[in-house]
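All remarks here apply to the structure that follows.
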Amino acid sequence: MTTAVNLDKLDLAALLCSRVCHDVISPVGAIVNGLEVLEDEDDPSMKAFALDLIGKSARQASARLQFARLAFGAAGSAGAQIDTGDAENVARGFIQDDRTTLDWTVPRTLSPKNKVKLLLNLVMVASSTIPRGGRISVEATGEGEEGGFRLRTQGSHSRIPAHIVDLLAGHAPEGGALDAHAVQPHYTGLLARATGYGISLALDGDTVVIAAERA
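Shown next as C-alpha cells:
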C-alpha cells in the first residue's frame, strides 16, 4: 500500500538544494584536485593533465548549474515564459557526453515556465533509465500549449528505476522518507500535476518511453 508524500515547503527546498549540491560537488572537487597538482608538481605532463582536468570540470560544473537554474529555479511571475531553445542548450550541456547523446526535436518557442521545467526534469528522469549511457530522444506531441512531450531512451541496460513511478505519482518510497536522489522525480510529479499533465513510463526491450500528456 502506497502513501502520499507529506513534505513541507522548507524540506522540499532543502532537498532540492542538496540535489544541486550533489550534482556539482564532483566537478568542483576535481577542480580543487587539479589546482593542488599545479601547485605541487613540476612535471610538465602532470601540469598539462591538471589543466585539462580543471577545464573539463569547470565546464561540467557550469553546465550543471545552468541546467539546475532552469530545471529547479526559473522564478518569476505566474505568466513567465522560457525559450525552449534555452532549455535545449542547457539539456545538451547537462546530458551529452562520451556515453550519452541527446536528440532534441522540440520546436523552439516561448512556453510557460513550469511546462519547460517539467520537460527538463523529464530529461533527468530519462537519464536515470540508461545508467550506462545511450541515447535520449526528446520530441513534442500535439500542438501549442496543450501539447505534451515524448522521450525515448535506448541503452544496453535500459530499465525503469525502482520506485520512480510511485515518486512521480506523489507516493512515498519504501521507508516513507525522501532523500536528495528521490526528490527529483517527486518534484517532476509536482510540476506535472501543477501543469495538468500525466506521466507514463513503458519498457519495450532496450527502449524506455516516457510520455507527458494532458491529464
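So in numbering that gives the first Met the number 0, the last spot in the sequence shown is 214, and the numbers never skip. Where a beta carbon is used, it is the ideal one built from N, C-alpha and C, also for glycine.
Taking 7 Å as the cut-off, is the beta-carbon of residue i closer than that to any non-hydrogen atom of the ligand ATP?
i: E35; result: This structure does not include the ligand ATP; it has no bound ligands of any sort.
Taking the beta carbon of residue i as the centre, do at least 16 other beta carbons fall within 10 Å, making it buried, or is it exposed?
i: R18; result: buried
i: I94; result: buried
i: L9; result: exposed
i: A79; result: exposed
i: L177; result: buried
i: L117; result: buried
i: S110; result: buried
i: L121; result: buried
i: S157; result: buried
Using a Cβ-Cβ cut-off of 8 Å (strictly less than) and excluding sequence neighbours within five positions of residue i, which residues of its own chain qualify?
i: T104; result: S136, V137, E138 and A139
Which residue's Cα is closest to the Cα of residue i: the options?
i: V207; options: V23, A12 and P130; result: P130
i: P106; options: S157, H185, I81 and R134; result: I81
i: F185; options: A29, F148, A171 and Y196; result: Before going on, a small fix: residue 185 reads as His here, not Phe. Out of A29, F148, A171 and Y196, A171 has the C-alpha closest to the C-alpha of H185.
i: D7; options: V182, P111, G204 and D41; result: V182
i: A179; options: N5, I163 and C20; result: C20
i: I198; options: T187, D205 and G204; result: T187
i: E145; options: D39, R151, A191 and E40; result: A191
i: A168; options: H156, G141 and L200; result: L200
i: I163; options: E173, E40 and S61; result: E173
i: R215; options: L202, G143, S61 and A161; result: Given a span of 0 to 214 for the chain in the structure shown, any question on residue 215 remains unanswerable.
i: S155; options: G204, I24, M45 and D39; result: G204
i: R149; options: A90, I209, G143 and P43; result: I209
Could you round the C-beta distance between residue i and residue j to whole angstroms and report it? I think they count as a contact, below 8 Å.
i: L119; j: L69; result: 6 Å
i: Q65; j: P26; result: Their Cβ separation, rounded to whole angstroms, is 13 Å, which puts Q65 and P26 out of contact at 8 Å.
i: T100; j: S126; result: Between S126 and T100 the Cβ distance is about 12 Å, and since that is not below 8 Å, they are no contact.
i: S56; j: G33; result: 7 Å
i: V115; j: A86; result: 5 Å
Please list, in chain order, all residues of the same chain as residue i whose beta carbon is under 7 Å from its beta carbon, the five residues on each side excluded.
i: V31; result: none
i: F71; result: L15 and V19
i: G92; result: A62, Q65 and F66
i: M45; result: V36
Beta-carbon separation of residue i and residue j under 8 Å?
i: A193; j: N113; result: yes
i: A214; j: G195; result: yes
i: A67; j: D97; result: no
i: T128; j: I159; result: yes
i: G141; j: G147; result: yes
For residue i, which residues from the same chain have a beta carbon less than 6 Å from its beta carbon, with the 5 sequence-adjacent residues on both sides left out?
i: A49; result: G33, V36 and L37
i: R134; result: T100 and Q153
i: A13; result: none
i: I53; result: I30 and G33
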